[in-house]
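Chains as they are written, first to last, in this note's numbering: chain A, 100 to 215; chain B, 28 to 136. Notes follow once the structure below has been shown.
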Amino acid sequence: DAMVIQNPRYQVTQFGKPVTLSCSQTLNHNVMYWYQQKSSQAPKLLFHYYDKDFNNEADTPDNFQSRRPNTSFCFLDIRSPGLGDAAMYLCATSTGRRRVPPETQYFGPGTRLLVL
Amino acid sequence: TQLLEQSPQFLSIQEGENLTVYCNSSSVFSSLQWYRQEPGEGPVLLVTVVTGGEVKKLKRLTFQFGDARKDSSLHITAAQPGDTGLYLCAGDNDYKLSFGAGTTVTVRA
């Protein structure tokens, strides 16, 4: 029944060591999003893919990159993690088609990243 | 950037009590969504409100969308420990969402 799957659930990395988080979906949705969420705060959108089109948020640091090799998978790459990048990273999907009622974003369980 | 403000930031109540969480903005949204997020999990959609003045009920949860479509509230009647979590409101921004900072609700048994 899992619709948005994130691996791993917990990731420990070292300061400056590149890390990749993965997300897969079984919903065949057009849009995949990556959010960063720090403790008891709102999810902050980093970027999203609409099909193959990459859309970066203006305030997303260059340290964060993303890849979407096909419809089902999307990756978040952190090139040189700093201590401030420790957070929960959430992947979400949606159809991307405007309609009424508004579409839902389906979230994965998240990957909690710890930077040592 | 469309900003959503939620209040209160934290709420701790005894089982059986009622609570209300507010979500306010200076912007008009075509819809507002409420999510609940449990510790260590992703947000799960509770409800979407679309029409100004709309009231939706989901068991003990009542959601209201303001007439001007700038604000919303979530009221929980007779809260239970299972209601504990982070409640997030989110405004529809094309196919993206603008999230509020969330309200952490703790219901003590």
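No residue lacks a Cβ here, since even glycine has one placed at the ideal position from N, Cα and C.
Asked: First and last residue of the uninterrupted beta strand (DSSP E) at A:Gln105; Found: 103 to 106
Asked: Within chain A, partners of B:Glu131 - CB distance below 7 Å; Found: Strictly speaking, residue 131 of chain B in this sequence is Thr, with Glu absent from that position. Simply Ser139.
Asked: Cβ-based contacts, 9 Å cut-off: residues of the region 173 to 206 of chain A near chain B; Found: Met187, Leu189, Cys190, Ala191, Ser193, Thr194, Gly195, Arg196, Arg197, Val199, Pro200, Pro201, Glu202, Thr203, Gln204, Tyr205, Phe206
Asked: Neighbouring residues, chain B, relative to A:Val130 (Cβ below 8 Å); Found: Tyr122
Asked: Where the beta strand (DSSP E) through B:Phe126 begins and ends; Found: 123 to 126
Asked: Interface partners of B:Glu32 on chain A, CB under 8 Å; Found: The premise fails here: B:Glu32 is roughly 11 Å from chain A at the closest Cβ pair, so nothing lies under 8 Å.
Asked: For A:Asn127 and A:Tyr149, believed in contact at Cβ under 8 Å, the rounded distance; Found: Actually they are not in contact, since the Cβ atoms of A:Tyr149 and A:Asn127 sit about 14 Å apart, beyond 8 Å.
Asked: Expected contact under 8 Å - CB spacing of B:Tyr114 and B:Trp61 to nearest Å; Found: 7 Å
Asked: Reference A:Thr125; option with closest CA among A:Cys173, A:Val111, A:Tyr134; Found: A:Cys173
Asked: Boundaries (first-last residue) of the beta strand (DSSP E) holding A:Asp152; Found: 152 to 155
Asked: Beta-carbon proximity of B:Ala106 to B:Glu44, cut-off 8 Å; Found: yes
Asked: The region 30 to 47 of chain B / the region 60 to 78 of chain B touching (three or more Cβ pairs under 8 Å); Found: no
Asked: Proximal residues of chain A, C-beta to C-beta of B:Val68 below 8 Å; Found: According to the sequence as given, residue 68 of chain B is Glu; it is not Val. Ordered by position in chain A, the residues that pass the 8 Å Cβ test against B:Glu68 are Pro208, Gly209.
Asked: Within-8 Å CB hit, A:Leu220 to chain B; Found: This structure cannot settle anything about residue 220 of chain A, because the visible part of chain A is limited to 100 through 215.
Asked: Contiguous alpha helix (DSSP H) assignments of at least 4 residues, all confined to the region 132 to 177 of chain A; Found: none
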